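Quick note: the sequence shown, position 299, residue 299 per UniProt numbering, numbers continuous. Note that the Cβ used here is the ideal one computed from N, Cα and C, for glycine as well. Being a predicted model, the structure only gives us computed values, none of them experimental. Notes for the one structure printed next.
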Amino acid sequence: MRTKEQLTEDIRDNKRAVLVVNAHSRRGRLLYDSAFERLKQAGFTLLGAKAVDRPRELPRILAEGLAKGPDLLIAGGGDGTISTAARLLAHRDVALGLLPLGTTNNFARTAHTPLDLGEAVEVLVKGKVIDLDLGLAGDEPFTNHVGVGLSAEVMLKAPRPLKRALGRFAYPLTALGLLTRHRPLRITVRTEGRSHEFRSHQVYVANGGHHAGRPIAGDADADDRLLVTYAVGGPKRRELLVETARNAAKGPSRTLREEPFLAMGELWLETDRPARVEVDGEPAGRTPLRIGLAANALRVMAPADAPDR
Numbered sequence: 001m002r003t004k005e006q007l008t009e010d011i012r013d014n015k016r017a018v019l020v021v022n023a024h025s026r027r028g029r030l031l032y033d034s035a036f037e038r039l040k041q042a043g044f045t046l047l048g049a050k051a052v053d054r055p056r057e058l059p060r061i062l063a064e065g066l067a068k069g070p071d072l073l074i075a076g077g078g079d080g081t082i083s084t085a086a087r088l089l090a091h092r093d094v095a096l097g098l099l100p101l102g103t104t105n106n107f108a109r110t111a112h113t114p115l116d117l118g119e120a121v122e123v124l125v126k127g128k129v130i131d132l133d134l135g136l137a138g139d140e141p142f143t144n145h146v147g148v149g150l151s152a153e154v155m156l157k158a159p160r161p162l163k164r165a166l167g168r169f170a171y172p173l174t175a176l177g178l179l180t181r182h183r184p185l186r187i188t189v190r191t192e193g194r195s196h197e198f199r200s201h202q203v204y205v206a207n208g209g210h211h212a213g214r215p216i217a218g219d220a221d222a223d224d225r226l227l228v229t230y231a232v233g234g235p236k237r238r239e240l241l242v243e244t245a246r247n248a249a250k251g252p253s254r255t256l257r258e259e260p261f262l263a264m265g266e267l268w269l270e271t272d273r274p275a276r277v278e279v280d281g282e283p284a285g286r287t288p289l290r291i292g293l294a295a296n297a298l299r300v301m302a303p304a305d306a307p308d309r
C-alpha cells in the first residue's frame, strides 16, 4: 500500500484514471461530455470512461473500471453513486475522485470538493490524497448517513422529475406529503453500556459532516472517528418541521457536544416496530441494525489545503 503522499505524486505525474458517471444523477447526463473533455485537456489518461444509464449497473461498471488498474477512480453523480464507489474502494490503494453531479452532494461537501465541475476537475489535477472514515451499516460501508423513519419513505417515493427540477428541495416537499400519514417511532440506541431512547418520526446516524446539503454541526466531518446520532424533533409532526428548520439554520454554529447529538464509535439501533432504513439515500432494509465505523478506510482526492487527520 502506497502512502498518501506517494499516491498523490503518482496521480499528479501519471494521471491514470477511470471515469464513471451516473447519467441518471441530477446533472450527470448533461455534464458527462464536458467532464470527459475537461479531464482529457487536463492531461488524464482515461483507461475507461462510461456514462451509465442504468444505476443498477454501477457496481459492475465501477468494478470493471477498477480492474483496469487506475490510480484514481473518478465517480460522477450524487451521494448514492459516490457511496457505491466508496464501498468498492474501501481499504484499497486507489483514490476516489469526486465530480458532484447530484442533488445534495453531501459527501463532496464533506470532502471540501467544490460543486462547480471545472473547479472539481482542478482538484483532481492539483489536489492531494486524504483518508476519510466510512460508516458500516451492518457490514455495508457508507459515506454519509443512515436514516430511519420518514427519510427512508421519502427516498423511495421522491419523484425523479421533481428532483431534477428542484434539486434538494424535492425532498422536504415529498416529506410534507408523507408526514400526514406517518406514525412516530420509539427508537432505542444502545452504545458502550448505555441506552438512549427517542420518540420521533426520524433519526439519523451520520458519518459525514453534511445532510440535505447543509452542515450537521460546525465540528462534524468524516475524519473524526465518530458517528453522530440525532433525532429530528419529537413525536408531534409539528416538532419535526420546526427541528428541520432549526437544523438548517443553526447547523454551522452548533457543536457535537450539544443536544440533540450523541457522538460514538458504534451503536445498536432498534425501533418499536420494524422501520424502513435508507443508507446514503438508497433503501437498505429495516431495523434493527448495528452501525459501526471503519476509520480512515477511504482515500479521496481533495483540495491541497483540505484538513487530514
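Residues near G118 by beta carbon distance below 7 Å, same chain, minus five either side: R38
Beta-carbon proximity list for E282, same chain, < 8 Å, skipping 5 on both sides: G80, S83, M155
G149 and R290 closer than 9 Å at C-beta: no
Cβ-based neighbour list, T229, same chain, cut-off 6 Å, excluding 5 preceding and 5 following: V189, V205, L262
V94 - containing beta strand (DSSP E), residue span: V94 -> no beta strand (DSSP E), and no H or E assigned at all.
Assigned secondary structure, I11 (DSSP; H/G/I helix, E/B strand, else coil): helix
Cα-Cα separation between residue 318 and V277, rounded to whole angstroms: Outside the displayed range of the chain (1 to 309) lies residue 318, so it cannot be described from this structure.
7 Å CB neighbourhood of A90 in its chain, flanking five on each side removed: L134, P141, A294, A297, L298
Other residues of its chain near G43: CB distance less than 7 Å, five sequence neighbours each side excluded: K15
Rounded separation between G78 and A111 - CA only: 14 Å
Proximity below 9 Å, CB of H201 to CB of R237: yes
M301 - partner residues in DSSP beta bridges: For M301, the pairing in a beta bridge is given by DSSP as V129.
Buried or exposed (CB count within 10 angstroms, at least 16 for buried), L124: buried
Range covered by the beta strand (DSSP E) that runs through F142: 140-142
Sequence-distant residues of its chain with Cβ nearer than 6 Å to T8 (five each side left out): K128, V129
Whole-angstrom distance between V203 and M264, CA atom to CA atom: 15 Å
Cβ-Cβ distance between F198 and I187 below 9 Å: yes
Residues sharing a beta bridge with I82, DSSP: Looking at the DSSP assignment, I82 forms no beta bridge with any residue, so it has no partner.
Of the listed residues K68, L30, S195, nearest to P100 (C-alpha basis): L30
Exposure label - P252; buried when at least 16 CB within 10 Å: Result: exposed.
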